[in-house]
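Written out below as structure tokens is the structure these notes cover.
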Amino acid sequence: MKKEEYSEKCSEKKLSGFTLIELIVVIAIIGILASIIVPNMIGHMESAYNAADAENARIICSTIQAEAMYESNFEVFTKNPWIYQVGGQQADDHGYIYVDKNEVRVSSYRIAELLQEQGFITSASQYSRHGGAVVKDENNIEIAHEYVYRRPVCSRMLCKSNKTWYRYQVNICYRDGTIKFTYSAVSKTGEIKNDTNMSSTNNTIDRGASQKFAEKAGLGEADLYTSLGDNSTP
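Convert by adding 117 to the 1-based position in the sequence shown; the result is the number in the working numbering.
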């Protein structure tokens with residue numbers, strides 16, 4: 118075969134490209150690979166997000182634990198500005214750091230200052246609003262009042278997990294003469310109305326998600342009673 122004829126045949130073969138059957142086979146193979154790889158990638162990403170949220174909680178608890186030893190009034194960590202009594206229900210008294218996809222809420226300005234020191238919020242003074250009652254000590258000094266922070270002020274702190282939980286709360290309790298930490302978390306599939314007398318029945322609870330969060334975070338235990346308030350909106 119002459120060189121020119123061979124080259125012409127090769128060119129024709131190259132120009133012919135994939136047949137329809139070949140194209141379908143390639144697409145099918147890509148689809149099969151994607152169905153295997155994508156779920157694994159999502160699972161690994163969720164595990165990484167879980168670890169990041171748990172690490173943030175660990176840092177917060179360690180910081181408060183260290184600061185409480187030198188704080189003259191440790192109630193700035195353990196008082197709840199939302200304590201009330203309605204229909205015989207008494208809210209569980211505890212300080213908190215609430216975290217969801219859009220905002221961070223803390224039960225005192227002192228806690229906000231610690232979050233700023235750790236780089237979780239850019240400035241304690243840049244809160245978007247107040248919430249709850251102002252709780253003061255015997256010297257008329259504020260010890261509890263909710264401070265709410267929204268992005269970009271709290272962007273580093275926002276909840277990263279999507280499935281295992283999508284919002285959580287670190288609870289700071291004063292029990293048995295010492296400060297103890299508990300965790301409340303909820304997933305979209307396990308979130309139910311609170312069925313205890315420890316918090317408002319309008320709030321939600323998820324014992325499974327709380328347990329998973331506690332196992333990953335350490336330094337505390339799952340709170341099987343304290344529930345979370347309303348989820349924020351974008």
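Note that the Cβ used here is the ideal one computed from N, Cα and C, for glycine as well.
Look at the Cβ atom of residue i, then the Cβ atom of residue j, and state whether they are nearer than 8 Å.
i: residue 270; j: residue 243; result: yes
i: residue 218; j: residue 178; result: no
i: residue 364; j: residue 324; result: A question about residue 364 goes unanswered here, because the residues of the chain that appear run from 118 up to 351.
i: residue 161; j: residue 343; result: no
Taking the alpha-carbon positions, what's the residue i to residue j distance?
i: residue 312; j: residue 240; result: 37 Å
i: residue 330; j: residue 189; result: 31 Å
i: residue 220; j: residue 339; result: 22 Å
i: residue 297; j: residue 337; result: 7 Å
i: residue 214; j: residue 185; result: 16 Å
i: residue 232; j: residue 295; result: 22 Å
i: residue 279; j: residue 166; result: 8 Å
i: residue 250; j: residue 265; result: 14 Å
i: residue 304; j: residue 173; result: 18 Å
i: residue 246; j: residue 327; result: 27 Å
i: residue 332; j: residue 136; result: 54 Å
Comparing C-alpha positions only, which one of the options sits nearest to residue i?
i: residue 290; options: 282, 150, 300; result: 300
i: residue 261; options: 161, 209, 193, 178; result: 193
i: residue 318; options: 168, 184, 172, 347; result: 347
i: residue 433; options: 225, 231, 274, 183; result: There is no way to answer for residue 433, as the model of the chain reaches only from 118 to 351.
i: residue 267; options: 137, 138, 229, 304; result: 229
i: residue 191; options: 164, 167, 227; result: 227
i: residue 252; options: 308, 322, 195; result: 195
i: residue 238; options: 149, 223, 288, 247; result: 223
i: residue 164; options: 334, 321, 349; result: 334
i: residue 288; options: 315, 307, 151; result: 315
i: residue 351; options: 147, 272, 181, 321; result: 272
i: residue 282; options: 263, 293, 310, 216; result: 216
So who's on the other strand from residue i, going by DSSP bridges?
i: residue 301; result: 286
i: residue 150; result: Beta-bridge pairing links residue 150 to no other residue.
i: residue 338; result: 299
i: residue 322; result: 309
i: residue 140; result: Paired residue(s): none; residue 140 is not in a bridge.
Quick check: is the beta carbon of residue i nearer than 8 Å to any beta carbon in chain C?
i: residue 178; result: You won't find chain C in this structure, because it holds only one protein chain.
query = Which ranges would you report for the beta strand (DSSP E) in the stretch 175–246 if only whole runs of at least 3 residues count?
reply = 212–216, 220–223
ask   = Along the chain, which unbroken stretches of the beta strand (DSSP E) at least 3 residues long are found entirely within the stretch 247–294?
value = 259–267, 284–292
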